[in-house]
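K.L.:
Chains as they are written, first to last, in this note's numbering: chain Z, 8 to 266; chain H, 8 to 266. Just dropping this structure here.
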């Protein structure tokens, strides 16, 4: 029985939730209710024997993933909130672990210069699918260019159980990515929605209106918002009926399980 | 009554202790005895109302230091293991906090480009003392160039209670720094000693022989070793009598209290 599981380990933006020193109602709530806290965007994909870490924004990744527990790491991009969990982890003593991501000669800090046990040479090409597992349980991952201030890939993750598209960080979608995704029946779309509709002209991330437009365009079975700011969480507290059918807000530990 | 307090919050090298995946006797011990674990090099200086954070290698600094609890941050340099605690913290909502350090146009990742509430413009000049507090309780801090693969300052920290020199990261000492320090009566010297004597030709950090030579040259009342690797901790487990009088190994939470 094929299975495709994606667990959201972090659904916050760069500052996480609560934001240091912030007294907005969402930050105050998340200090009282720890299940409302958000770590930086990170996810785990599991399909049969294959386990892929999708981004590395959490600080405690070494404790979560002992040597041998991951098949590879996929990076959306090299902004620090998506790779900060690699800085200390890289000095571990373990077999080489492949890190797949977009070509970005800058990388982040000295990660590419001093990779430790990570192998950052696995750069991907847009729309060139890579696979893990054997024919009976093959997992396909396709990098999809997104629109951001650094080279970024979203990923379409597919096996016989279904299709998940993970699209962060982005503002809108490049036309080629949009057209590629429209050929797919998407079960779950995990989508960057950093800002509320009150942020009219965001620069690098979707606001809710933009996220809803992408949802309506791609028509997945359901859309789960991620990379959430405290500003959006405040707006959601004030607008409990604010999300259309089929769209929900992600939270850390949320599991999507396709069978 | 003047007082000068320095607390070692982290005494490890870049990978911390235990090292991920490592089965050496020191790493195994530190998994069983958490007081043997080492976080990345960081210290807190306290003198009267003045509280200075010295480097920022810990991930949980936002929880340890609420807004208003620090007078400033001093950085030795911009290697990632000394600044990684700033990446997420910077997005907080708080009054500007001055970060003093050496001039380094690269900084680390995008810290200088996106400083958040930190003010990285407080670059220091070698041997130019800065002070905090009023005349009755003045704390003086003097940046001292060290020898490393990036611009690095050690710091001489003085008030009427005494003198602490904090010298990491370095291999040996530049002659000018050595001469400046030899004019001082140093109570406590906190000194980079990453490697055991078995590492004969280290590149960026002292081995124990080099640290002992600096101790003998500067003749502080006592020397406390920091930036410790698991390789040195293993050597120390095998050589219990291995340290000369006046030299001891630092540990996370160690307090130096001069009165």
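The C-beta atom is built at its ideal place from N, Cα and C for all residues, glycine as well. None of the values given here were measured: they were computed from a predicted structure.
When you compare the CB positions of residue 84(Z) and residue 111(Z), do they come within less than 8 Å of one another, or not?
P.N.:
Yes, the Cβ-Cβ distance between residue 84(Z) and residue 111(Z) is below 8 Å.
K.L.:
Leaving out five residues on either side along the sequence, give the residues of the same chain with a beta carbon under 8 Å from the beta carbon of residue 104(H).
P.N.:
Cβ neighbours of residue 104(H) beyond the five flanking positions: 77, 79, 80, 124, 125 and 126.
K.L.:
Would you identify the three-state DSSP class for residue 92(H), choosing helix, strand or coil?
P.N.:
Helix, per DSSP.
K.L.:
Around the Cβ of residue 47(Z), are there at least 16 other Cβ atoms within 10 angstroms (buried) or fewer (exposed)?
P.N.:
With 16 or more Cβ atoms within 10 Å of its Cβ, residue 47(Z) is classed as buried.
K.L.:
Could you tell me how far apart the beta carbons of residue 230(Z) and residue 263(Z) are, in whole angstroms, since I believe they sit closer than 8 Å?
P.N.:
In fact, because the Cβ distance is near 11 Å, the residues do not count as touching under 8 Å.
K.L.:
If you run the structure through DSSP and keep just helix, strand and coil, what is residue 12(H)?
P.N.:
Here residue 12(H) sits in strand by DSSP.
K.L.:
Under a three-way DSSP split, which group does residue 58(Z) fall into?
P.N.:
If DSSP states are grouped into helix, strand and coil, residue 58(Z) belongs with the strands.
K.L.:
Taking C-beta pairs closer than 9 Å, name the residues in chain H that residue 47(Z) reaches, listed in chain order.
P.N.:
Those within 9 Å of residue 47(Z) in chain H are 95.
K.L.:
State yes or no: is the beta carbon of residue 91(Z) nearer than 8 Å to at least one beta carbon in chain H?
P.N.:
So yes, residue 91(Z) belongs to the interface.
K.L.:
Go to residue 35(H), then tell me how far its alpha helix (DSSP H) extends in each direction, as first and last residue.
P.N.:
That run of the alpha helix (DSSP H) goes 32 to 39.
K.L.:
Using a Cβ cut-off of 7 Å, which residues of the region 19 to 45 of chain Z contact any Cβ in chain H, in chain order?
P.N.:
Per Cβ criterion, the list reads 21, 22, 23, 26, 27, 28 and 29.
K.L.:
Between 241(Z), 170(Z), 244(Z) and 235(Z), which has its C-alpha nearest residue 225(Z)'s C-alpha?
P.N.:
Per the Cα distances, 170(Z).
K.L.:
Mind checking whether residue 195(H) and residue 227(H) have CB atoms under 8 Å apart?
P.N.:
Cβ atoms of residue 195(H) and residue 227(H): closer than 8 Å.
K.L.:
Looking at the unbroken beta strand (DSSP E) that takes in residue 223(H), where does it start and where does it end?
P.N.:
Per DSSP, residue 223(H) belongs to no beta strand (DSSP E); it is in the alpha helix (DSSP H), 215 to 225.
K.L.:
Count the other CB atoms within 10 Å of the CB of residue 238(Z); is the residue buried (16 or more) or exposed (fewer)?
P.N.:
The residue is buried, with at least 16 neighbouring Cβ atoms inside 10 Å.
K.L.:
Using a Cβ-Cβ distance under 8 Å, would residue 115(H) count as near chain Z?
P.N.:
So yes, residue 115(H) belongs to the interface.
K.L.:
Taking Cβ positions, are residue 144(H) and residue 54(H) nearer each other than 8 Å?
P.N.:
Against a cut-off of 8 Å, the Cβ pair of residue 54(H) and residue 144(H) comes out as a contact.
K.L.:
Using a Cβ-Cβ cutoff of less than 7 Å, which residues in the same chain neighbour residue 93(Z) once the five nearest sequence positions on both sides are dropped?
P.N.:
These residues qualify, in order along the chain: 63, 118 and 125.
K.L.:
If you run the structure through DSSP and keep just helix, strand and coil, what is residue 159(H)?
P.N.:
Of the three classes helix, strand and coil, the one that applies to residue 159(H) here is coil, per DSSP.
K.L.:
Closer than 9 Å by beta-carbon distance: list the chain H residues that pair up with residue 63(Z), in chain order.
P.N.:
Here the premise fails: no neighbours, minimum Cβ distance about 13 Å.
K.L.:
Given that a residue counts as buried once 16 or more other Cβ atoms are within 10 Å of its Cβ, and exposed if not, what is residue 38(Z)?
P.N.:
Its Cβ having fewer than 16 others within 10 Å, residue 38(Z) is exposed.
K.L.:
Could you work out which residues of chain H lie near residue 106(Z), taking near to mean beta carbons separated by less than 7 Å?
P.N.:
Those within 7 Å of residue 106(Z) in chain H number zero; the least Cβ separation is about 15 Å.
K.L.:
When you compare each of 218(H), 240(H), 265(H) and 130(H) to residue 251(H) by their alpha carbons, which one comes out closest?
P.N.:
The shortest Cα separation from residue 251(H) among 218(H), 240(H), 265(H) and 130(H) belongs to 218(H).
K.L.:
Nearest chain Z C-beta to residue 205(H) closer than 8 Å, yes or no?
P.N.:
Residue 205(H) does not count as touching chain Z.
K.L.:
Leaving out five residues before and five after residue 4(H) in sequence, what residues of the same chain have Cβ atoms less than 6 Å from its Cβ?
P.N.:
Shown here, chain H extends from 8 to 266; a query on residue 4(H) therefore has no answer.
K.L.:
Should residue 8(H) go down as buried or exposed, given a rule of 16 or more other Cβ atoms within 10 Å for buried?
P.N.:
So residue 8(H) counts as exposed.
K.L.:
Does residue 66(H) come within less than 8 Å of chain Z when only Cβ atoms are used?
P.N.:
Output row for residue 66(H): interface = yes.
K.L.:
Just to confirm my understanding: we take residue 96(H), look at its own chain, exclude 5 residues before and 5 after, and list those with CB closer than 7 Å. What are they?
P.N.:
Cβ neighbours of residue 96(H) beyond the five flanking positions: 68 and 69.
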